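Please read the structure below before turning to the comments.
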Amino acid sequence: MSYPARPPASGALAERPPLTFPPGFLWGAATAAYQIEGAATEDGRGPSIWDTFSHTPGRTVNGHTGDVACDHYHRLDSDVALMAELGLKSYRFSVSWPRVQPGGSGPANEAGLDFYRRLVDNLLANGIEPWLTLYHWDLPQPLEDAGGWPARDTAARFADYATLVADALGDRVRYWTTLNEPWCSAFLGYGSGVHAPGRSDGAEAVRAGHHLMLGHGLAVQALRAARPTAELGVTVNLYPVDPASDAPGDVDAARRIDGLANRFFLDPLLKGAYPEDLVADLAEVTDFGHVQDGDLATISSPLDVVGVNYYSRHVVAAPIEGQQPEKYWRAPSCWPGSEDVRFVTRGVPVTDMDWEIDAPGLLETLRRVHEEYTDLPLYVTENGSAFVDTVVDGEVDDVDRLAYFDAHLRASHEAIEAGVPLRGYFAWSLMDNFEWAWGYTKRFGMIHVDYDSQVRIPKSSARWYAEVIRRNGLAAQ
Ligand code: IFM
5 MSYPARPPAS GALAERPPLT FPPGFLWGAA TAAYQIEGAA TEDGRGPSIW DTFSHTPGRT
65 VNGHTGDVAC DHYHRLDSDV ALMAELGLKS YRFSVSWPRV QPGGSGPANE AGLDFYRRLV
125 DNLLANGIEP WLTLYHWDLP QPLEDAGGWP ARDTAARFAD YATLVADALG DRVRYWTTLN
185 EPWCSAFLGY GSGVHAPGRS DGAEAVRAGH HLMLGHGLAV QALRAARPTA ELGVTVNLYP
245 VDPASDAPGD VDAARRIDGL ANRFFLDPLL KGAYPEDLVA DLAEVTDFGH VQDGDLATIS
305 SPLDVVGVNY YSRHVVAAPI EGQQPEKYWR APSCWPGSED VRFVTRGVPV TDMDWEIDAP
365 GLLETLRRVH EEYTDLPLYV TENGSAFVDT VVDGEVDDVD RLAYFDAHLR ASHEAIEAGV
425 PLRGYFAWSL MDNFEWAWGY TKRFGMIHVD YDSQVRIPKS SARWYAEVIR RNGLAAQ
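To convert a position in the sequence shown, counted from 1, into our numbering, add 4.
Below is the structure:
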């Protein structure tokens with residue numbers, strides 16, 4: 005088997021016809037609380053696992069932390085003005101759990117909620133639909149101290165927190181996402197340990213994944229009860245997983261990694277069951293004794309939308325004795341029970357994250373979710389790329405990022421033509437921000453941020469995206 009044909013990955017845009025998206029297509033941009041807000045100790049905010057992790061020497065590049073980040077907490081008005089200039093139809097942000105519940109339980113910290121009330125009101129005043137994510141990785145530290153996501157009780161705490169946010173904002177927020185990328189929370193946070201809280205134990209990662217999904221299900225039930233007209237969903241990060249060849253060992257490696265990366269979440273959330281082959285693959289890691297009667301019914305509580313985050317494809321091959329996979333999310337213990345599978349690089353263009361650029365993978369992913377899992381409306385809730393940007397005469401000409409967006413929007417359009425009910429697209433990210441373990445060394449934004457002065461400069465990609473939104477599609481090139 006050879007790899008599917010790949011598009012030109014970056015650089016100048018190829019000659020292409022114009023494309024128009026369906027009326028009402030929701031054009032957005034996304035961020036997350038810990039990545040942009042700063043104000044880490046203000047107005048009663050408590051510590052999260054990311055505060056603890058980033059302040060632990062050696063955990064993030066250059067010891068970077070989210071203490072100040074983009075100082076969005078103090079620049080809310082001017083940042084929303086930038087969104088309005090872009091013409092965004094929607095803005096996807098996350099609520100910081102430790103701002104709302106500093107200890108992870110108990111009554112709400114009203115000062116923390118006030119920040120989100122102001123944000124939402126400001127968005128609405130500018131005609132921008134708020135899209136609220138409840139959990140983008142910043143677990144209150146006291147809950148981690150009590151066991152974190154591997155502990156079942158954390159799921160119940162999450163539903164309580166969801167209720168507090170629904171009570172405060174449910175009258176003006178229509179779109180609610182429970183979790184962002186539970187794979188990262190579980191397998192990077194508790195498996196490889198390259199993300200907070202930095203624990204490294206395959207069985208705990210599997211338990212964390214289950215309790216994240218249980219928390220999602222309980223939160224969906226709580227939100228549904230509190231706000232019956234809200235549109236509820238979850239966001240998963242998905243990858244096509246290809247075998248490097250037709251050799252049975254490579255095909256089996258692809259099955260295993262697809263199980264851990266994609267089906268671990270898609271099947272319980274949308275089909276109400278763990279895949280049998282995955283459970284068998286994990287037999288030496290866990291007996292799934294943490295799964296209680298009724299959990300899977302809760303986890304698969306009916307949703308209104310599904311969010312897909314897409315960045316790249318995995319190509320994998322059978323283990324070679326003595327050879328270990330390399331780094332970051334390829335780190336071995338992200339893949340409990342399949343640590344020895346090799347991740348193959350194909351030599352196609354990559355972003356500054358070293359992630360291969362693969363726009364057809366987005367089409368494949370959207371089609372798969374629709375054809376194998378659900379008829380629900382889908383949204384690309386994140387898609388984007390890090391590149392090294394340079395400010396020249398006060399401008400940032402990020403042609404590679406722009407080409408990345410262009411290629412992935414064309415793939416999104418193709419998905420719609422193929423019958424996928426794709427209703428919106430959120431660029432990651434509105435602005436450069438704290439890229440987790442990479443600190444501020446990776447830039448994903450359409451808006452450049454100078455972290456010393458906090459000056460924002462819309463890059464070429466931002467101006468281009470504004471035109472895409474204005475036209476509801478792509479111009480001919
Ligand atoms: O920055 C992250 C984001 O927080 C979650 N999805 C992937 C992005 C790029 O790594």
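Think of the CB as a built atom: it goes at the ideal place given N, C-alpha and C, for glycine as much as any other residue.
Computed from a prediction, not measured in an experiment: that's the story for all the values here.
Can you give me the Cβ contacts of residue i inside the same chain, cut-off strictly under 8 Å, excluding the 5 residues immediately before and after it?
i    : result
Y383 : L30, G237, V309, V310, G311, V312, L426, R427, G428, Y429 and F430
T56  : Q145, E148, A200 and P201
Q458 : C74, D75 and R79
S100 : A37, Y38, E41, R49, S52, G116 and D142
Mind checking residue i: buried by the 16 CB within 10 Å criterion, or exposed?
i    : result
L270 : buried
A419 : buried
L90  : buried
N113 : buried
Q105 : buried
N66  : exposed
T355 : buried
L128 : exposed
L218 : buried
V395 : exposed
R317 : buried
R49  : buried
D297 : exposed
R349 : Before going on, a small fix: residue 349 reads as Thr here, not Arg. Under this definition T349 is an exposed residue.
A229 : exposed
D250 : exposed
T24  : exposed
A163 : buried
G351 : exposed
Under 6 Å Cβ to Cβ from residue i, same chain only, skipping five residues before and after it: list those, please.
i    : result
T64  : S58, A441 and G443
V72  : G42
V255 : P247
A479 : P22
H412 : A363, L366 and N387
In the DSSP output, what is residue i paired with across the bridge?
i    : result
T137 : S98 and T181
S52  : P144
H318 : V245
Y377 : None, per the DSSP bridge assignment.
P462 : I451
A431 : A33
F347 : V320
When the Cα atoms are used, what is the spatial distance from residue i to residue j?
i    : j    : result
P462 : E439 : 19 Å
V472 : V345 : 40 Å
S433 : L123 : 17 Å
L86  : G398 : 17 Å
R231 : R460 : 36 Å
R103 : L307 : 27 Å
W180 : F97  : 10 Å
A150 : R156 : 10 Å
N130 : T182 : 25 Å
R20  : L366 : 18 Å
Y120 : S94  : 15 Å
N476 : W468 : 12 Å
V373 : T385 : 14 Å
P272 : R176 : 30 Å
Are there any heavy atoms of the ligand ZN lying less than 7 Å away from the beta-carbon of residue i, as far as the coordinates show?
i   : result
W31 : What this structure holds is the ligand IFM, not the ligand ZN.
Report all residues from its chain with a CB closer than 7 Å to the CB of residue i; omit the five preceding and five following residues, and keep chain order.
i    : result
P209 : What sits at residue 209 in the sequence shown is Ala, not Pro. The residues are A190, F191, Y194, G195 and P340.
D281 : R259 and G263
T369 : L242, P244, V312 and Y314
A301 : G276
G253 : A322
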